Amino acid sequence: MSAESLVGIVLVSHSGPVAESVAELAVGLAGGGAKAPVAAAGGTPDGGLGTSAELITEAARTVDRGAGVAVLVDLGSAVLTVKALLAEGDELPEGSRLVDAPFVEGAVAAVVTASAGADLDAVAAAAGEAYSYRKE
Amino acid sequence: MTETALDAALFVRWMQAAAALVDREAERLTELDSPIGDADHGSNLQRGFTAVAKALEAEPPVTPGAVLTTAGRQLISTVGGASGPLYGTLLRRTGKTLGDAPGVTAEELRAALRGGVDAVAQLGGSAVGDKTMLDALDPAVEALGTSFAAAAEAAEKGAVDTTPLQARKGRASYLGERSKGHQDPGATSSALLFAALAEVTA
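Quick mapping for you: the protein sequence lines, in order, are chains A and B. Numbering follows this note's numbering, in which position 45 of the first sequence is assigned residue number 45; successive positions increment by one, without gaps. Numbering follows this note's numbering, in which position 115 of the second sequence is assigned residue number 115; successive positions increment by one, without gaps.
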């Protein structure tokens, strides 16, 4: 694991457009410094609603630079599929981690911190901290 | 309970029988999933078990453990809903426990399935009584100590008995009290798995 390599971010949603849009939002809000590799894995391969193990493993491979991959998920089968893939041991790149965070806010925090060169622990912590931001 | 070893061929027949039952009951599973779920349980499982049957036919594994790990892997990658990782984990954990043995006893299968069911509970963070697959799987594994037929009966009863329960996990749990009065689709499909096992061991 080289010191320069950035943590990759995978965004898993039941919906392709949701995953794509959240990725776009997070990269956009991270501004010009958004250098961390981000990949969306939303919906099923045929464009329907659901979770695809295939799209998730492909996305994780795409963003893996050797510094670990933070996987953010929305709900239900997205959570369970990532957990099941991690339990397999060899399905996701080494250093992949399911990050317990709100999907949209966590994605923004993860992309910003990963782009700043933070390690996986720091990226996961920043994403998780988004839970503590109350809206009223 | 007989001590005759159950071999890989029997496990392949088990998965094929499960695929056939899921195929036959797909419409009913989706109907059950309509009021309290997202109306895709039947079609999701149908896609998953069709892939399982195809994979086992293309390259029949030589041990019972490998049959179940292959089947589990297919379910995780093809189902597309929460039941994929849940059934996948059930079969993979059970298969891994059975290891490389060319044949297993009914008691070895029962013990391995117990571990598989516990893994499902852990993955889903759920317990018996939450109106999930576990309400059929748990009593089935308990009854497996008696016979395969008893396990199938216990699973079916467990599935039917989910009707008055309030869902505590998954999409149905958002409905709160309104989830009562519907039989759980996951428990219903779990019963099919044990019906298939009873069918091929009869």
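For glycine and all other residues, C-beta sits at the position ideal for the given N, C-alpha and C. Predicted model only: the values in this text are computed from it and were never measured.
Identification of chain A residues near residue 82(B) by a Cβ-Cβ cut-off of 7 angstroms yields 76, 77 and 80, ordered along the chain. Under DSSP, residue 7(B) forms a beta bridge with 103(B). By the Cβ neighbour-count rule, residue 64(A) is buried, with 16 or more other Cβ atoms within 10 Å of its own. Interface residue (Cβ-Cβ distance to chain A less than 8 angstroms): residue 103(B) is not classified as such. Neighbours of residue 83(A) in chain B, taken as residues whose beta carbon is under 8 angstroms from its own, are 85 and 123 in chain order. Of the candidates 52(B), 35(B), 63(B) and 55(B), 63(B) places its Cα closest to the Cα of residue 9(B). DSSP places residue 42(A) in the strand class (E or B) of the three-state scheme.
For residue 96(A), the three-state secondary structure derived from DSSP is strand.
Residue nearest to residue 183(B) within the set 12(B), 31(B), 11(B) and 13(B) is 31(B) (criterion: CA-CA distance). Between residue 71(A) and residue 10(A), the gap from beta carbon to beta carbon is short of 8 angstroms. Listed in chain order, the non-local C-beta contacts of residue 20(A) below 7 angstroms within the same chain comprise 40 and 42, local neighbours out to five positions each way being set aside. Positions of the alpha helix (DSSP H) runs, each at least 4 residues long and wholly inside the region 31–78 of chain B, are given as 41–58 and 64–78 in order along the chain.
Taking the beta carbon of residue 171(B) as reference, the chain A residues within 7 angstroms of it are 76, listed in sequence order.
Within the DSSP secondary-structure output, residue 8(A) pairs in a beta bridge with 69(A). Nearest to residue 154(B) by C-alpha distance, out of 141(B), 61(B) and 42(B), is 141(B). The beta carbon of residue 54(A) sits closer than 8 angstroms to some beta carbon of chain B. Beyond the five residues adjoining it in sequence on each side, residue 124(B) comes within less than 7 angstroms, by CB distance, of 86, 132 and 169 in the same chain, given in chain order. Cβ neighbours of residue 65(B) within its own chain (closer than 6 angstroms, five residues either side excluded): 95, 98 and 99.
Ranking 26(A), 131(A) and 88(A) by CA distance to the CA of residue 96(A) puts 88(A) first. Residue 126(B) sits in coil when the DSSP states are folded into three classes, being neither helix nor strand.
The C-beta of residue 113(A) comes no closer than 8 angstroms to any C-beta of chain B. Shown in chain order are the members of the region 86–106 of chain A whose Cβ falls below 8 angstroms from a Cβ of chain B: 87 and 88.
At a beta-carbon threshold of 9 angstroms, the residues of chain B lying near residue 44(A) are 80, ordered along the chain. Look at residue 62(A): its C-beta is not under 8 angstroms from any C-beta on chain B. Interface criterion not met: the Cβ of residue 128(A) is under 8 angstroms from no Cβ in chain B.
Residue-level contact check: residue 50(A) touches chain B, since one or more beta carbons of chain B fall below 8 angstroms from its beta carbon. Cβ neighbours of residue 56(B) within its own chain (closer than 8 angstroms, five residues either side excluded): 12, 15, 16, 67, 70 and 71. Less than 8 angstroms divides the Cβ of residue 158(B) from the Cβ of residue 136(B).
With a threshold of 8 angstroms between beta carbons, residue 36(B) makes no contact with chain A. For residue 89(B), the neighbours in chain A by C-beta distance under 8 angstroms run, in chain order, 84 and 87.
Here DSSP, grouped into helix, strand and coil, assigns residue 13(A) to strand. The beta-carbon distance between residue 128(A) and residue 99(A), rounded to whole angstroms, is 7 angstroms. This is short enough to meet the 8 angstroms contact definition. Across the set 177(B), 185(B) and 173(B), the C-alpha of 173(B) shows the shortest separation from the C-alpha of residue 76(A).
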